[in-house]
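J.: Protein chains in written order, with this note's numbering: chain A, 4 to 393; chain B, 824 to 1042.
Beta carbons: idealized from backbone N, C-alpha and C, even for Gly.
Just so you know, these numbers come straight off a predicted model, no measurement behind them.
I have a structure I would like to understand better, so I am pasting it below and will then ask my questions one at a time.
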Amino acid sequence: MNTSAAMPPKSFEVKPKLDEGGASIGELLEISMGPHHPSTHGVFRMDVVLDGEKVVKLKPVCGYLHRNHEKIGENISYLASMPYTDRLDYFCSMTNNWAYALTIEKLAGLAVPERAEYIRVIMAELTRLQNHTSLIGFFVHDMGALGTPLMYAFREREKILDLFEEVSGARMMCNYMRFGGVRVDVNDEWLARTKQLVSNYGRFLDEFETFLNENEILLARTQGVSPLTKEQAINASLTGPLLRAAGVNYDVRKVDKYGIYSRFDFKVPLGEHGDLYDRYMMRVLEMRESIKILNQALRDIPGGPVMDPKAKLRGFRPKPGEVYGRIESPKGELGFYIISDGGPNPYRYRVRPPSFINITILEDMCLGHRVADVIVILGSVDIVLGEVDR
Amino acid sequence: MEALEQIKARLETAVPSAKIEILANDCALGERSLLVDGASGFAVAQFLRDDAQLKLDYCSNVTGVDWPDKELAEKIKVKQVVDGMEKEVEEVKKTLRHGYLEVVYHLYSMSLKHGPVVLRMRTENRADQTHLPSLTPVWRGAEFQEREIYDLYGVIFDSHPDLRRILMWDEFEGFPMRRDYVEPDDFEYEPTPHDEVLDAAKKHYPVEVKPEVKPEVKA
Chain A
4 MNTSAAMPPK SFEVKPKLDE GGASIGELLE ISMGPHHPST HGVFRMDVVL DGEKVVKLKP
64 VCGYLHRNHE KIGENISYLA SMPYTDRLDY FCSMTNNWAY ALTIEKLAGL AVPERAEYIR
124 VIMAELTRLQ NHTSLIGFFV HDMGALGTPL MYAFREREKI LDLFEEVSGA RMMCNYMRFG
184 GVRVDVNDEW LARTKQLVSN YGRFLDEFET FLNENEILLA RTQGVSPLTK EQAINASLTG
244 PLLRAAGVNY DVRKVDKYGI YSRFDFKVPL GEHGDLYDRY MMRVLEMRES IKILNQALRD
304 IPGGPVMDPK AKLRGFRPKP GEVYGRIESP KGELGFYIIS DGGPNPYRYR VRPPSFINIT
364 ILEDMCLGHR VADVIVILGS VDIVLGEVDR
Chain B
824 MEALEQIKAR LETAVPSAKI EILANDCALG ERSLLVDGAS GFAVAQFLRD DAQLKLDYCS
884 NVTGVDWPDK ELAEKIKVKQ VVDGMEKEVE EVKKTLRHGY LEVVYHLYSM SLKHGPVVLR
944 MRTENRADQT HLPSLTPVWR GAEFQEREIY DLYGVIFDSH PDLRRILMWD EFEGFPMRRD
1004 YVEPDDFEYE PTPHDEVLDA AKKHYPVEVK PEVKPEVKA
């Protein structure tokens, strides 16, 4: 009986390593890393070919979490897609909401009231704080610092999620923003608690940085590993902290000045080498800038309505046309491309997922490095499989 | 950034064989786009990236769009002689728009910080001539997105370095993002079918429908 067809593929295979003449000079090991492994941050697989411990080939394999988000979006109304966007990058549902709302506002020509703009900025920057905090937790976890730093990060993240829960009803799947504003207003008590959290966050970062910034193991594992040049980064459409670590000054908050970002005083941190240490430091420095923005936004937030009175929730049918809107999400440029044919559903609904596009040159980043570095390099890219696979 | 008409004029001198058209966008805040024929798409892309005034070095987004065959109804006024009098009569003229697949590139410049320029290419039809040039050699960032469009729409990108399915599994047949895609009928046996499951079950095996039993109500 032939059972080979029904057998699952082996997770590793040994291949002969050939020299230029075709003679065998050793062995190459082909292994399948993932999909069910905590270090792949979800159900993600890499087919790796190793020469000893060195990576000679790496092919990312994704799609295990694919549910065709875009097809769902084409078959439901504009508003009904809003809760689905939470499930893209489930760490940053607030920024996903914002990107989608911003695109539809551009399509339908809706204005957003002042107060709602401020609330959006506060939510987006809180999201950035908690995303980068937990990313650093995962990053050092991948390097072998099991447990403790991740728990420190999650302790702080949970405080921010409590704030989200209080205002939207959900920790992670917030579904908070609407076309032309936000769903519910925040109260003064919430703002006071947020101020408290933001003023304490700097102290937490000081503590976190003391542990990590000059940690000998972290330096040894990250400095000089997987450097990226500016040209490589731009050509591969990298965005977010990964791009800026390579020294390219490109932040959609500064370039497009969407929302009210032109009013805030903040800097865009830049790296020099594009190696793992720069990518780590980018996150730390961005959090400091986020705190600056939050302090200004919490100081200046005006009163008033939080929804555009012209915005329609039911029977929303924007005019025909197409639009591309983008924001700087914590992971990079998150864009939505919508084609409307005048009906209640979008004709085409496309998500530009930053973490999916950021793994395009994962192979180039990993070639020549050791297999243990592959895990850390993947960790530094900051992928979320809900967004990669959609 | 210079106007789209200017870019078009410069493109036509740089790539003389290119057929370029500017497509309007009904959305006031949206961008108009450049429609380029597939044969000269690669040369146009290279020009857009390397031109010193444009420097569109960053390909942000690649989208596939499916436009199936559609009957377009257009109302036109025709002069007709009715009862010896010349009158204007409205007539509905029907034309068939042949379907095609479209790929849309959103290009920005990171060095000059402008954009987007929207570049579109269309295939001949949706069945057998779905080839387009791959722009991955120009912008590496298009690699996975073009693979995704191949996977979900069936556009074949010539000279793409690694054109395989990316989100669906390799053995999958069909292109799920097309408008006319029909889900496979993978109904599983259901011991107690009801409602729409019952209708589906009837197609697959004989189902005995029991009469509804009403509980007796005692007076």
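If you compare alpha carbons, which of A:Ser358, A:Val58, A:Asn190, A:Arg286 is closest to Phe142 of chain A?
T.: Nearest C-alpha to Phe142 of chain A: A:Arg286.
J.: Please name the residue or residues paired with Cys882 of chain B in a DSSP beta bridge.
T.: Looking at the DSSP assignment, Cys882 of chain B forms a beta bridge with B:Leu930.
J.: Looking at chain B, which residues of the region 64–88 of chain A have a Cβ within less than 7 Å of any of its Cβ atoms?
T.: Cβ contacts with chain B come from Cys65, Gly66, His69, Asn71, Glu73, Lys74.
J.: In chain B, which residues lie less than 9 Å from Ile364 of chain A when you measure between Cβ atoms?
T.: Per Cβ cutoff of 9 Å: Arg963, Gly964, Glu966.
J.: Along the region 255–267 of chain A, where does the CB come closer than 9 Å to a CB of chain B? Name the residues.
T.: Per Cβ criterion, the list reads Lys257, Val258.
J.: Going along the chain, which residues of the region 848–860 of chain B sit with their C-beta nearer than 9 Å to a C-beta in chain A?
T.: Answer set for the region 848–860 of chain B: Asn848, Asp849, Cys850, Ala851, Leu852, Gly853, Glu854, Ser856.
J.: Rounded to the nearest angstrom, how far is the Cβ of Ile263 of chain A from that of Val124 of chain A, given a contact under 8 Å?
T.: 6 Å between Cβ atoms; contact.
J.: Could you give the DSSP three-state label for Gly240 of chain A: helix, strand or coil?
T.: A small fix is needed here, since residue 240 of chain A is Ser in this sequence, not Gly. Here Ser240 of chain A sits in coil by DSSP.
J.: Quick one: give me the first and last residue of the beta strand (DSSP E) that Ile899 of chain B is part of.
T.: Where Ile899 of chain B is concerned, the enclosing beta strand (DSSP E) stretches over 893–905.
J.: Based on the DSSP output, what are the partners of Leu337 of chain A in its beta bridges?
T.: The partner list for Leu337 of chain A (beta bridge, DSSP) reads A:Ile330.
J.: Can you pull the chain B residues whose beta carbon is under 8 Å from the beta carbon of Pro397 of chain A, in chain order?
T.: This structure cannot speak to residue 397 of chain A, because chain A is shown only from 4 to 393.
J.: Just reading off the beta strand (DSSP E) that Leu1046 of chain B is part of, what are its end residues?
T.: Look at the range of chain B in this structure, 824 to 1042, and you will see that residue 1046 of chain B is not part of it.
J.: Going by other Cβ atoms of all chains shown within 10 Å of its Cβ, with 16 needed for buried, is Asp259 of chain A buried or exposed?
T.: Per the 10 Å Cβ criterion, buried.
J.: Counting only C-beta atoms, is Lys322 of chain A closer than 8 Å to chain B at any point?
T.: Chain B contact via Cβ: present.
J.: Let me know if Thr225 of chain A comes out buried or exposed under the rule of 16 or more other beta-carbons within 10 Å of its beta-carbon.
T.: By the neighbour-count rule (16 or more Cβ atoms within 10 Å), Thr225 of chain A is buried.
J.: Helix, strand or coil, according to DSSP, for Lys62 of chain A in the structure here?
T.: Strand at Lys62 of chain A.
J.: Could you tell me whether the region 910–919 of chain B touches the region 846–862 of chain B, using the rule of 3 or more Cβ pairs below 8 Å?
T.: No, the region 910–919 of chain B does not touch the region 846–862 of chain B.
J.: Between the Cα of Glu331 of chain A and the Cα atoms of A:Gly274, A:Tyr121, A:Ile107, A:Cys95, which residue gives the shortest distance?
T.: Comparing Cα positions, the closest option is A:Cys95.
J.: Out of A:Asp145, A:Val189, A:Glu16, A:Leu301, which one is the CA nearest neighbour of Glu33 of chain A?
T.: Nearest option by C-alpha distance: A:Glu16.
J.: Quick one: is Ile163 of chain A near chain B, going by C-beta distance under 8 Å?
T.: Closer than 8 Å: no.
J.: Would you mind telling me which residues of chain A sit closer than 8 Å to Thr886 of chain B, beta carbon to beta carbon, in chain order?
T.: Near Thr886 of chain B (Cβ distances below 8 Å), the residues of chain A are Tyr340, Arg351, Arg353.
J.: Assuming contact is defined by CB atoms lying nearer than 8 Å, are Leu132 of chain A and Met290 of chain A in contact in what I supplied?
T.: Yes; because the gap between Cβ atoms is below 8 Å, this pair is in contact.
J.: Between the alpha carbons of Cys882 of chain B and Val904 of chain B, how many angstroms are there, rounded?
T.: In a straight line, the C-alpha of Cys882 of chain B is about 57 Å away from that of Val904 of chain B.
J.: Met991 of chain B CB to nearest chain C CB: under 8 Å?
T.: Protein chains A and B are contained in the structure displayed, whereas chain C is not.
J.: Counting only Cβ pairs nearer than 7 Å, list the residues of chain A close to Pro939 of chain B.
T.: Under the 7 Å cutoff, chain A gives Tyr327.
J.: Hey, Glu336 of chain A and Gly243 of chain A: beta-carbon distance below 8 Å or not?
T.: Yes, the pair counts as a contact, with Cβ atoms nearer than the cut-off.
J.: Closest to Ile386 of chain A by CA distance: which of A:Phe47, A:Ser35, A:His40 is it?
T.: When only C-alpha atoms are compared, the closest one is A:Phe47.
J.: Does the beta-carbon distance from Val940 of chain B to Thr886 of chain B come in below 8 Å?
T.: Against a cut-off of 8 Å, the Cβ pair of Thr886 of chain B and Val940 of chain B comes out as no contact.
J.: What in chain B is Cβ-close to Phe359 of chain A, meaning under 7 Å?
T.: Correct list: Phe967.
J.: Can you give me the Cβ contacts of Lys334 of chain A inside the same chain, cut-off strictly under 6 Å, excluding the 5 residues immediately before and after it?
T.: For Lys334 of chain A, where only same-chain residues beyond five positions count, the Cβ hits under 6 Å are Gly243, Pro357, Ser358, Asp385.
J.: Indicate whether at least one CB of chain B lies closer than 8 Å to the CB of Tyr93 of chain A.
T.: Chain B contact via Cβ: absent.
J.: Does Tyr973 of chain B get closer than 8 Å to chain A when you measure Cβ to Cβ?
T.: So no, Tyr973 of chain B is outside the interface.
J.: Mapping DSSP to helix, strand and coil, what is Gly864 of chain B?
T.: In this structure, Gly864 of chain B counts as helix in the three-state DSSP scheme.
J.: Hey, is the region 956–965 of chain B in contact with the region 230–244 of chain A, meaning 3+ C-beta pairs nearer than 8 Å?
T.: The region 956–965 of chain B, when compared against the region 230–244 of chain A, does touch it at the 8 Å Cβ threshold.
J.: Starting from Phe182 of chain A, trace the alpha helix (DSSP H) in both directions and tell me its first and last residue.
T.: Where Phe182 of chain A is concerned, there is no enclosing alpha helix (DSSP H), given that its DSSP letter is neither H nor E.
J.: Let me make sure I understand the geometry here. Which of A:Lys257, A:Ile296, A:Arg256, A:Val251 has the alpha-carbon closest to that of His276 of chain A?
T.: When only C-alpha atoms are compared, the closest one is A:Val251.
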